[in-house]
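>
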Amino acid sequence: MADAKRFRSLVGGVIYLTHTKPDIAFPIYVDDIIYTSSSTFLVNEFKSQMMNEFEMSDMGLLHYFLGLEVYQAEDAKDLLSKFGMLNCKSATTPMNINGKLQQEDKEKMADAKRFRSLVGGLIYLTHTKPDIAFPISVIYRFMQQPSTVHYGAAKRVLRYITGTLEYGVWYSKTSNFRLCGFTDTTAALSTSEAEYIASTSAACQAIWLRRVLADLQHEQKGAMKIFCDNKATITMTKNPTFHGRTKHIDIRYHFIRDLVQRRR
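Residue numbers for the sequence shown follow UniProt numbering, so the first one is 1 and each next one is one higher.
#1: Rank 224, 28, 172 by C-alpha distance to the C-alpha of residue 182 and give the top, closest one.
#2: Given this structure, state the Cα-to-Cα distance separating residue 256 from residue 57, to the nearest angstrom.
#3: Label residue 172 either buried or exposed according to how many other C-beta atoms from any shown protein chain fall within 10 Å of its C-beta, with 16 as the threshold for buried.
#4: Between residue 214 and residue 179, is the Cβ-Cβ spacing less than 8 Å?
#5: Name the two residues that bound the continuous alpha helix (DSSP H) containing residue 41.
#6: Would you say residue 128 touches the ligand FMN, meaning its beta carbon is less than 7 Å from a heavy atom?
#7: Starting from residue 27 and walking both ways along the beta strand (DSSP E), at which residues does that stretch end?
#8: Would you mind reading off the limits of the beta strand (DSSP E) that contains residue 227?
#9: Return the bridge partner residues of residue 216 from the DSSP annotation.
#10: Please list the terminal residues of the continuous alpha helix (DSSP H) segment that includes residue 115.
#11: Would residue 296 be called buried (16 or more neighbouring beta carbons within 10 Å of its own) or exposed?
#12: For residue 142, does the count of other Cβ atoms within 10 angstroms reach 16, so buried, or fall short, so exposed?
#13: Residue range of the beta strand (DSSP E) that residue 181 falls in?
#14: Would you identify the three-state DSSP class for residue 56, choosing helix, strand or coil?
#15: Quick one, which of 209, 192, 161, 113 has its alpha-carbon nearest residue 15's?
#16: I need the boundaries of the alpha helix (DSSP H) containing residue 142, first residue and last residue.
#17: Please classify residue 26 as buried or exposed, where buried requires at least 16 neighbouring CB atoms within 10 angstroms.
#18: Can you find the residues in the same chain that come closer than 8 Å, C-beta to C-beta, to residue 226, ignoring five residues on each side of it along the sequence?
#19: For a quick check, are the C-beta atoms of residue 65 and residue 34 less than 8 Å apart?
#20: If you compare alpha carbons, which of 75, 52, 40, 78 is closest to residue 61?
#21: Alpha carbon to alpha carbon, what distance is there between residue 77 and residue 161?
#22: Considering only their Cβ atoms, is the gap separating residue 147 from residue 109 smaller than 8 Å?
#23: Is it buried or exposed for residue 129, if we count other Cβ within 10 angstroms and need 16 for buried?
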């Protein structure tokens, strides 16, 4: 695929680009291709060239790729219909902000199989509805022994989806695009250590993303912001001094300190 007109991104792996300005980006997975550009003329020209070089079919605008629906309104309607919520009253929020979910008495248990089916369907919708990701992560904690209260919380998410069927992720064109990150914890000996490990992992992902964006002509200038909600962790990233409380942490996780020192 790479030739005088096209080159492969060294960091993107399956992403190819053209040498033209504006360029054309086209990720490839086996025999599935997505191609895009800011120029409609170049897109049409590229399509003609590819169809002349290879035996391929034009599937039109992107709606479905690698088992995922880019537009999931129909999937949401199917889920609502499956659980009898197609014509339910919509909710303005996906979660009751005044309530707190916890383990309930066994007398109040819900149908676990049906509950898991509902939560699984909601998880699938988070690909285009990130606004329901947090409530789903909370509800997911009760997959083993769901109660009627937990089932009701999951159905509230369905009520929210009813009123936001046409909502989706919108990437607008801007010349001031800035990449930023947020971290959460993984298992470790302490909360601050867990956040420290998560921050290092986020920094590694950020480096890769910045390089991909540079290939796509969106090079990021200056240091990238990674938000963390643990003050002890933030202090650890800024203080390279050896400390007894952090001496056991694997040296690879101190990579975040080097990046902070170099303002990367």
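Glycine residues also receive a C-beta, built at the ideal position from the N, C-alpha and C atoms.
According to the structure shown:
#1: Indexing the sequence shown from 1 puts residue 182 at position 182. Among 224, 28, 172, the Cα nearest to that of residue 182 is on 224.
#2: On the sequence shown, residue 256 is found 256 positions in, with the first residue counted as 1. On the sequence shown, residue 57 is found 57 positions in, with the first residue counted as 1. Cα-Cα distance, rounded: 46 Å.
#3: What you label residue 172 is simply residue 172 of the sequence shown in a count that begins at 1. Classification for residue 172: exposed.
#4: Along the sequence shown, read from residue 1 onward, the residue named residue 214 stands at position 214. Along the sequence shown, read from residue 1 onward, the residue named residue 179 stands at position 179. At the C-beta level, residue 214 and residue 179 stay beyond 8 Å of one another.
#5: To locate residue 41, count along the sequence shown from 1; it is residue 41. Residue 41 -> alpha helix (DSSP H) spans 40–53.
#6: Absent from the structure shown: the ligand FMN. Ligands present: none.
#7: Counting from 1 along the sequence shown, the entry for residue 27 is found at position 27. Per DSSP, the continuous beta strand (DSSP E) segment holding residue 27 begins and ends at 25–29.
#8: Here residue 227 is taken as the residue at index 227 of the sequence shown, counted from 1. Element bounds for residue 227: 225–227.
#9: In the sequence shown, counting from the first residue as 1, residue 216 sits at position 216. Looking at the DSSP assignment, residue 216 forms no beta bridge with any residue, so it has no partner.
#10: What you label residue 115 is simply residue 115 of the sequence shown in a count that begins at 1. Its alpha helix (DSSP H) spans residues 112–125.
#11: Residue 296 lies beyond the range of the chain shown here (1 to 264); nothing can be said about it.
#12: The sequence position of residue 142 within the sequence shown is 142, counting from 1. Per the 10 Å Cβ criterion, buried.
#13: Stepping through the sequence shown from its first residue, residue 181 is reached at position 181. First-last of the beta strand (DSSP E) with residue 181: 180–182.
#14: By one-based count along the sequence shown, residue 56 stands at place 56. Residue state, collapsed to three classes: coil.
#15: Against the sequence shown, residue 15 aligns to sequence position 15. Ranked by how close their Cα comes to the Cα of residue 15, the residues 209, 192, 161, 113 have 209 in first place.
#16: Position 142 of the sequence shown, counted from the start, is the residue given in the question as residue 142. First-last for residue 142: undefined, no H or E at that position.
#17: As a first step, residue 26 must be located in the sequence shown, where it is residue number 26. Counting the other Cβ atoms within 10 Å of the Cβ of residue 26 gives 16 or more, which makes it buried.
#18: The residue labelled residue 226 in the question sits at position 226 within the sequence shown. Answer for residue 226: 180, 181, 182, 183, 199, 202, 203, 206, listed in chain order.
#19: If you number the sequence shown from 1, residue 65 lands on position 65. If you number the sequence shown from 1, residue 34 lands on position 34. Yes, the pair counts as a contact, with Cβ atoms nearer than the cut-off.
#20: The residue labelled residue 61 in the question sits at position 61 within the sequence shown. With respect to the C-alpha of residue 61, the residue from 75, 52, 40, 78 having the closest C-alpha is 40.
#21: The count along the sequence shown starts at 1 and reaches residue 161 at position 161. The count along the sequence shown starts at 1 and reaches residue 77 at position 77. Roughly 9 Å between the two C-alpha positions.
#22: To locate residue 109, count along the sequence shown from 1; it is residue 109. To locate residue 147, count along the sequence shown from 1; it is residue 147. The criterion of a C-beta distance shorter than 8 Å is satisfied by residue 109 and residue 147.
#23: Here residue 129 refers to the residue found at position 129 of the sequence shown. So residue 129 ends up on the buried side.
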